[in-house]
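*Asks:*
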Amino acid sequence: MTTPFVDLTFLVSGLAFILSLCVAGAATLRLALRGGAVTSLMGIGCFTTVAGTGLYFLEVLFHIHFARDTAIALLLIGAIGTIVFARIVRVGGGE
Amino acid sequence: MMVPASYMLVPIFVVVVVALSLYSVKRGKPTPSPVKSLFILIAFAIVVTLIYASRGLPLEASIGAALKLVSSAILLIGAVFIVCASIGLFRFGDEWGVNIFYVRNHITGIIDDTCALVMIFVGLLIGRVDVAAVGLIFFALIPFIGNALANAYYYTKQRGERP
């Protein structure tokens, strides 16, 4: 049990955090679209992080349960996929 | 009075962080500013708890309200860090040379770290252990991502250019 003021403060702070994640998502998408192979991989890897965190906080703020499952998949599989594809690029001599 | 089990993680975490901070001060290392911010947040939580308790709210609800306010402050601080890092990503273009890749790698690492730390702290403070667990697992994966990307860039782009 908390007060309405505390709930409103948490909601506004969470929305501000999600807004900042939108700015970071735009920056990482720009990085992914303008760079080479490894730079694009870095941008996409960071974008999955940003999208996963935003979806997780959507679940925390608004209790949308399917957003949590998507967020966990994005965070874990995105991170592992970035590592695997970086190894593939290194071995294959891409870029 | 029964205390929720997830709230017991917060005092343990605070005790560990304060002990590590005092140990670093004792060894003469400079105290980083996040540690000072942590002390400020703890004092803020105590003051808010006292205010709500003096207004007649039960002690457990007062502690919950204070922890939620502190988590709001952490969300706002994380938002500021992420916006600053995003401005850096926008500003450093290709005109800065080949090695700008490592700067971008550092900046994306900062964004990843901030997201993971905010998930850990907020999850612990509002009693959502699943948020903190996912953040902790992701926090453990972040160094491997940065290392793999830098390794791939070095071996594909820069190794042949060295004398």
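Protein sequence lines correspond, in order, to chains A and B. So the first sequence is numbered by our numbering: it starts at 5 and just counts up by one. So the second sequence is numbered by our numbering: it starts at 12 and just counts up by one. Just so you know, even glycine gets a beta-carbon here, dropped at the ideal spot from N, CA and C.
Beta-carbon within less than 8 Å of E99/A's beta-carbon, same chain only, minus the 5 sequence neighbours each way: which residues are those?
*Replies:* Taking the first sequence and counting its residues from 1, the one referred to as residue 99/A is at position 95. Residue confidence is low: E99/A scores 49 on pLDDT, short of 50, so the model does not pin down where it sits. Its coordinate-derived value is still stated next. Excluding sequence neighbours, E99/A sits near G40, A41, V42 and V93.
*Asks:* Within its chain, find whatever has a CB closer than 6 Å to the CB of A36/A; leave out the 5 residues flanking it on each side and keep chain order.
*Replies:* Within the first sequence, the letter at position 32 stands for residue 36/A. So the list reads S44, G47 and I48, once near-sequence residues are dropped.
*Asks:* Use the C-beta contact count for A71/A: other C-beta atoms within 10 angstroms, 16 or more gives buried, fewer gives exposed.
*Replies:* Within the first sequence, residue 71/A is the residue found at index 67, counting from 1. Buried, since its Cβ has 16 or more Cβ neighbours within 10 Å.
*Asks:* Assign S17/B to one of three DSSP states: helix, strand, or coil.
*Replies:* As a position in the second sequence, residue 17/B is number 6, starting the count at 1. Here S17/B scores only 47 on pLDDT, less than 50, and its place in the model should not be relied on; the value that follows carries that caveat. Helix at S17/B.
*Asks:* Give the straight-line distance between the Cα atoms of S17/B and G58/A, rounded to the nearest whole angstrom.
*Replies:* Taking the second sequence and counting its residues from 1, the one referred to as residue 17/B is at position 6. Taking the first sequence and counting its residues from 1, the one referred to as residue 58/A is at position 54. Reliability fails at S17/B, whose pLDDT of 47 lies under 50, so the model's placement of it is uncertain and no value is given.
*Asks:* Taking its Cβ as the centre, do 16 or more other Cβ atoms sit within 10 Å of I62/B, making it buried, or is it exposed?
*Replies:* Along the second sequence, one-based indexing puts residue 62/B at 51. Under this definition I62/B is an exposed residue.
*Asks:* Kindly list, in the order they appear in chain B, the residues whose Cβ is closer than 7 Å to that of T13/A.
*Replies:* Start at 1 with the first residue of the first sequence, and residue 13/A comes out as number 9. In chain order: L80 and S83.
*Asks:* Since I76/A meets chain B, which of its residues come closer than 7 Å, beta carbon to beta carbon?
*Replies:* Against the first sequence, residue 76/A aligns to sequence position 72. Ordered by position in chain B, the residues that pass the 7 Å Cβ test against I76/A are V145.
*Asks:* Does any residue of chain A bring its CB to less than 8 Å from the CB of F101/B?
*Replies:* Translated into the one-based positions of the second sequence, residue 101/B becomes position 90. Yes, F101/B counts as interfacial toward chain A.
*Asks:* Measure the C-alpha to C-alpha separation of V95/A and A76/B and round it to an integer number of angstroms.
*Replies:* Counting from 1 along the first sequence, the entry for residue 95/A is found at position 91. Counting from 1 along the second sequence, the entry for residue 76/B is found at position 65. Their backbone Cα atoms lie some 52 Å apart in a straight line.
*Asks:* For I153/B, which residues of its own chain have a beta-carbon under 7 Å away from its beta-carbon, when the five flanking residues on both sides are left out?
*Replies:* Your numbering for residue 153/B matches position 142 in the second sequence. So the qualifying residues of the chain are G120, D123, D124 and A127.
*Asks:* Would you mind telling me which residues of chain B sit closer than 8 Å to I87/A, beta carbon to beta carbon, in chain order?
*Replies:* Here residue 87/A is taken as the residue at index 83 of the first sequence, counted from 1. In chain order: L152, F155, I156 and A159.
*Asks:* Let me confirm a value: G104/B is counted as buried when at least 16 other C-beta atoms fall within 10 Å, else exposed. Which label applies?
*Replies:* On the second sequence, residue 104/B is found 93 positions in, with the first residue counted as 1. Its Cβ having fewer than 16 others within 10 Å, G104/B is exposed.
*Asks:* Rounded to the nearest angstrom, what separates L70/B and T60/B at their Cα positions?
*Replies:* In the second sequence, counting from the first residue as 1, residue 70/B sits at position 59. In the second sequence, counting from the first residue as 1, residue 60/B sits at position 49. Between L70/B and T60/B, the C-alpha separation is close to 8 Å.
*Asks:* Who are the near neighbours of F150/B in its chain, counting only those whose CB is closer than 6 Å to its CB and skipping five residues on each side?
*Replies:* One-based indexing of the second sequence puts residue 150/B at position 139. Here the set comprises A127.
*Asks:* Starting from K168/B, trace the alpha helix (DSSP H) in both directions and tell me its first and last residue.
*Replies:* What you label residue 168/B is simply residue 157 of the second sequence in a count that begins at 1. It is not in any alpha helix (DSSP H) - K168/B carries neither H nor E in the DSSP assignment.
*Asks:* Name, please, each residue of chain B whose Cβ falls closer than 8 Å to the Cβ of L45/A.
*Replies:* Counting from 1 along the first sequence, the entry for residue 45/A is found at position 41. What L45/A touches in chain B: L160 and A163.
*Asks:* Could you check if R91/A is buried or exposed, using at least 16 other CB atoms within 10 Å of its CB as the buried criterion?
*Replies:* Position 87 of the first sequence, counted from the start, is the residue given in the question as residue 91/A. So R91/A counts as exposed.
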